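Per the numbering used here, residue 39 is the first one in the sequence shown, and the count goes up by one each step. Don't be surprised by glycine CBs; every beta carbon is placed ideally from N, CA and C. If you're wondering where the values come from, they're calculated on a predicted model, not measured in any experiment. Working notes, structure below.
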Amino acid sequence: MRKVGANDILVIGAGVIGAAIARELSARGASVSILDARTPGSGATQASGGMLAPYTEAGEGGPLLELGARSLGLFDRFIGQLQQDAGIPVGYERTGTLHVAREDASLAHFAETAGELGQLGIEAQLLDTAAARAAEPNLAPDIFGGLLITTQGIVAAPSLTRALVMAAQRAGATLLEPARVQRIRAEGDGVRVDTTQGSIAAGTVVLAAGAWAGQVTVEGADAAPPVKPVRGQLLHLGWTAQQLARITWDERCYLVPWRDGTLLVGATVEDAGFDERNTVGGVRQLFEAVCDLLPLAWNATLLSARVGLRPGSPDPLPIIGWSSAVPRLMYATGHYRNGVLLAPLTAQVVADAVLDGTADPALALTSPARFGRL
Ligand code: GLY
Numbered sequence: 039m040r041k042v043g044a045n046d047i048l049v050i051g052a053g054v055i056g057a058a059i060a061r062e063l064s065a066r067g068a069s070v071s072i073l074d075a076r077t078p079g080s081g082a083t084q085a086s087g088g089m090l091a092p093y094t095e096a097g098e099g100g101p102l103l104e105l106g107a108r109s110l111g112l113f114d115r116f117i118g119q120l121q122q123d124a125g126i127p128v129g130y131e132r133t134g135t136l137h138v139a140r141e142d143a144s145l146a147h148f149a150e151t152a153g154e155l156g157q158l159g160i161e162a163q164l165l166d167t168a169a170a171r172a173a174e175p176n177l178a179p180d181i182f183g184g185l186l187i188t189t190q191g192i193v194a195a196p197s198l199t200r201a202l203v204m205a206a207q208r209a210g211a212t213l214l215e216p217a218r219v220q221r222i223r224a225e226g227d228g229v230r231v232d233t234t235q236g237s238i239a240a241g242t243v244v245l246a247a248g249a250w251a252g253q254v255t256v257e258g259a260d261a262a263p264p265v266k267p268v269r270g271q272l273l274h275l276g277w278t279a280q281q282l283a284r285i286t287w288d289e290r291c292y293l294v295p296w297r298d299g300t301l302l303v304g305a306t307v308e309d310a311g312f313d314e315r316n317t318v319g320g321v322r323q324l325f326e327a328v329c330d331l332l333p334l335a336w337n338a339t340l341l342s343a344r345v346g347l348r349p350g351s352p353d354p355l356p357i358i359g360w361s362s363a364v365p366r367l368m369y370a371t372g373h374y375r376n377g378v379l380l381a382p383l384t385a386q387v388v389a390d391a392v393l394d395g396t397a398d399p400a401l402a403l404t405s406p407a408r409f410g411r412l
């Protein structure tokens, strides 16, 4: 394993969060090494639909909405600069999202949401049956309305992560040989990291290992980082009919139309530990949901079933901030369903803290200290 300089920054995890942080730090001139147990982007990121949907994922609003909306606002610039730096294209579009209703109660809820979003200046249109059908002609006959949120979008998470790692490497970052991190402790002014392949000393460590962050022992902490895997299974379909215009959701599944003409159907939400298997039960649930929403799905091709472990935190917010137990250890994990969406903001606030010593107001919401001495 290459030796990391005593003043260098070691980023643990090469999913979308670790890759975005490594790229941001190296673009700002830091000396960065990236360590993952597997090849970059092969954890939750490879399964991700890449939805950029803060107004949907944040449910009742609150701080998660604040963080998600702020990060969404960074995306145009983030992707534009990244494509230049990495020299490869990243699929990204803001075609909006359509939520469909089957019952009056859902439509009443959509009307409320449209009003709330309107007050925030976010364009959201309540659609009647005809308008919902015009927006998406292939919907099942029992759909009788919907909510269109025009600013939400999609980014191709695998190509995004590839581009982030490539841009980081072009700016001088090094990808270390794969190893799993077991223990992190303070050593002198820096940090020592014990891995399955030996031990590494670094000036600063960023723990961005997603669901696996909870398996790392941080010496002097009350407990392991409180991150738990939440399994999501998805289907990747070869779509032979007219492609959907935008992400479409009902109460049982979401559909993400990719530019290559295929369709991603997600996702289960399961407590299955670190079991990264697709199951008959999970796949069946998704088949039924997509066929009920889009009857033409009966004729689609099953290209693959996917699975990823979301890093769940005990509350809806990610865990981003300095450790109280190991002074030069920064956490950046627990992003649950919103890793891709929150990647630009996470990278920015982590780089500000690590390189400039500043504390973005977002860190007051995401501090690890809310879970004790971590
Ligand atoms: N962001 C969608 C999911 O986690 O399934």
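**Q.** Any 3 or more C-beta pairs closer than 8 Å across the segment 273-283 and the segment 68-79
**A.** no
(Q) What residue range does the beta strand (DSSP E) around V392 cover? (A) The residue you call residue 392 lines up with position 354 of the sequence shown. Looking at the DSSP string, V392 is not in any beta strand (DSSP E), and its letter there is neither H nor E.
Q: Please state if the CB of P267 and the CB of F312 are separated by a distance shorter than 7 Å.
A: On the sequence shown, position 274 is the one that residue 312 refers to. On the sequence shown, position 229 is the one that residue 267 refers to. Going by C-beta atoms, F312 is nearer than 7 Å to P267.
(Q) Between V364 and G258, how many whole angstroms is the CB-CB distance? I'm expecting something under 8 Å. (A) What you label residue 364 is simply residue 326 of the sequence shown in a count that begins at 1. What you label residue 258 is simply residue 220 of the sequence shown in a count that begins at 1. That pair is a contact at about 7 Å.
Q) What whole-angstrom Cβ distance do G372 and P356 have, given they're in contact under 8 Å? A) To locate residue 372, count along the sequence shown from 1; it is residue 334. To locate residue 356, count along the sequence shown from 1; it is residue 318. Rounded, the Cβ-Cβ distance is 5 Å, consistent with contact.
(Q) DSSP has R223 in a bridge; who is on the other side? (A) In the sequence shown, counting from the first residue as 1, residue 223 sits at position 185. DSSP output for R223 lists R230 as bridge partner(s).
Q: Thinking A211 and A60 are a contact (beta carbons under 8 Å), I'd like their distance in whole angstroms, please.
A: Residue numbering aside, residue 211 sits at position 173 when the sequence shown is read from its first letter. Residue numbering aside, residue 60 sits at position 22 when the sequence shown is read from its first letter. Their Cβ separation, rounded to whole angstroms, is 5 Å, which keeps A211 and A60 in contact under 8 Å.
Q: Would you identify the three-state DSSP class for I238, choosing helix, strand or coil?
A: Along the sequence shown, read from residue 1 onward, the residue named residue 238 stands at position 200. Of the three classes helix, strand and coil, the one that applies to I238 here is strand, per DSSP.
**Q.** Residue range of the beta strand (DSSP E) that includes V321
**A.** Taking the sequence shown and counting its residues from 1, the one referred to as residue 321 is at position 283. It is not in any beta strand (DSSP E) - V321 instead sits in the alpha helix (DSSP H) that spans V318 to L331.
Q: Can you say whether A407 is buried or exposed, counting buried as having 16 or more other CB atoms within 10 angstroms of its CB?
A: Start at 1 with the first residue of the sequence shown, and residue 407 comes out as number 369. By the neighbour-count rule (16 or more Cβ atoms within 10 Å), A407 is not buried but exposed.
Q: Could you tell me the distance, in whole angstroms, from the CA atom of L165 to the CA atom of I187?
A: Residue numbering aside, residue 165 sits at position 127 when the sequence shown is read from its first letter. Residue numbering aside, residue 187 sits at position 149 when the sequence shown is read from its first letter. Their backbone Cα atoms lie some 11 Å apart in a straight line.
Q. Among A251, P216, G252 and L380, which one has its Cα closest to the Cα of Q235?
A. Working through the sequence shown from its first residue, we reach residue 235 at position 197. Of the listed residues, the one whose Cα sits closest to Q235 is P216.
Q | For L158, the three-state DSSP class (helix, strand or coil) | A | In the sequence shown, residue 158 corresponds to position 120, counting from 1. L158 falls in the coil class under three-state DSSP.
(Q) When you measure from the CB of A195 to every non-hydrogen atom of ligand 1, does any distance come out below 6 Å? (A) Along the sequence shown, read from residue 1 onward, the residue named residue 195 stands at position 157. The answer is no for A195.
Q) Is it right to say V49 is buried, meaning 16 or more other beta carbons lie within 10 angstroms of its own, or is it exposed? A) Within the sequence shown, residue 49 is the residue found at index 11, counting from 1. Burial call: buried.
Q. What does a CB cutoff of less than 6 Å around V42 pick up in its chain, not counting 5 residues either side in sequence?
A. By 1-based counting over the sequence shown, the position of residue 42 is 4. The answer, listed in chain order, is L48, S71, I238 and A240.
(Q) Please classify I55 as buried or exposed, where buried requires at least 16 neighbouring CB atoms within 10 angstroms. (A) Residue numbering aside, residue 55 sits at position 17 when the sequence shown is read from its first letter. The residue is buried, with at least 16 neighbouring Cβ atoms inside 10 Å.
Q | Rounded straight-line distance, which links the Cα of A194 to that of M204 | A | To locate residue 204, count along the sequence shown from 1; it is residue 166. To locate residue 194, count along the sequence shown from 1; it is residue 156. So the alpha carbons of these two residues sit roughly 15 Å apart.
**Q.** Among F409, Y374, R366 and D309, nearest to G350 - alpha-carbon criterion
**A.** Indexing the sequence shown from 1 puts residue 350 at position 312. Comparing Cα-Cα distances from G350 to each of F409, Y374, R366 and D309, the minimum goes to Y374.
Q. What number of angstroms, rounded off, separates the C-alpha of E289 from the C-alpha of R66?
A. Indexing the sequence shown from 1 puts residue 289 at position 251. Indexing the sequence shown from 1 puts residue 66 at position 28. Taking the straight line joining both Cα atoms gives about 43 Å.
Q: Tell me, please, which residues DSSP counts as bridged to L293.
A: Here residue 293 is taken as the residue at index 255 of the sequence shown, counted from 1. Paired residue(s): T286 and V303.
Q) Taking L73 as the reference, which of M368, L282, R132 and V244 has the closest Cα? A) Position 35 of the sequence shown, counted from the first residue, corresponds to residue 73. Comparing Cα positions, the closest option is V244.
**Q.** Nonlocal neighbours in the same chain, by C-beta distance under 6 Å from P354, ignoring five residues either side
**A.** On the sequence shown, position 316 is the one that residue 354 refers to. L102, listed in sequence order.
**Q.** L331 classed as buried or exposed, judged by whether at least 16 other C-beta atoms fall within 10 angstroms
**A.** As a working mapping, residue 331 is identified with position 293 in the sequence shown. So L331 ends up on the buried side.
(Q) Determine whether the beta carbon atoms of I358 and T396 lie at a separation below 7 Å. (A) For the purposes of this step, residue 358 is taken as residue 320 along the sequence shown, with counting starting at 1. For the purposes of this step, residue 396 is taken as residue 358 along the sequence shown, with counting starting at 1. Taking 7 Å as the Cβ cut-off, I358 and T396 do not qualify as a contacting pair.
Q: Give the straight-line distance between the Cα atoms of T404 and S361, rounded to the nearest whole angstrom.
A: The count along the sequence shown starts at 1 and reaches residue 404 at position 366. The count along the sequence shown starts at 1 and reaches residue 361 at position 323. Each residue's Cα considered, the two are about 12 Å apart.
Q) How would you write the range of the alpha helix (DSSP H) that V54 sits in, first residue to last? A) Start at 1 with the first residue of the sequence shown, and residue 54 comes out as number 16. V54 to A65 is the extent of the alpha helix (DSSP H) around V54.
Q. Any heavy atom of ligand 1 closer than 6 Å to the CB of A57?
A. To locate residue 57, count along the sequence shown from 1; it is residue 19. It does not: the Cβ of A57 is nowhere closer than 6 Å to a heavy atom of ligand 1.
Q.
Given a cut-off of 7 Å on the beta-carbon distance, is the pair L213 and A58 in contact?
A. By 1-based counting over the sequence shown, the position of residue 213 is 175. By 1-based counting over the sequence shown, the position of residue 58 is 20. No, the pair does not count as a contact, with Cβ atoms beyond the cut-off.
Q. When DSSP builds the beta bridges, which residues end up paired with A139?
A. As a working note, residue 139 is residue 101 in the sequence shown. Note: A139 sits in a beta bridge opposite G183.
(Q) Any heavy atom of ligand 1 inside 6 Å of the beta-carbon of V375? (A) Here the question's residue 375 lines up with position 337 in the sequence shown. The question names Val, yet the displayed sequence has Arg at residue 375. R375: yes, Cβ under 6 Å from ligand 1.
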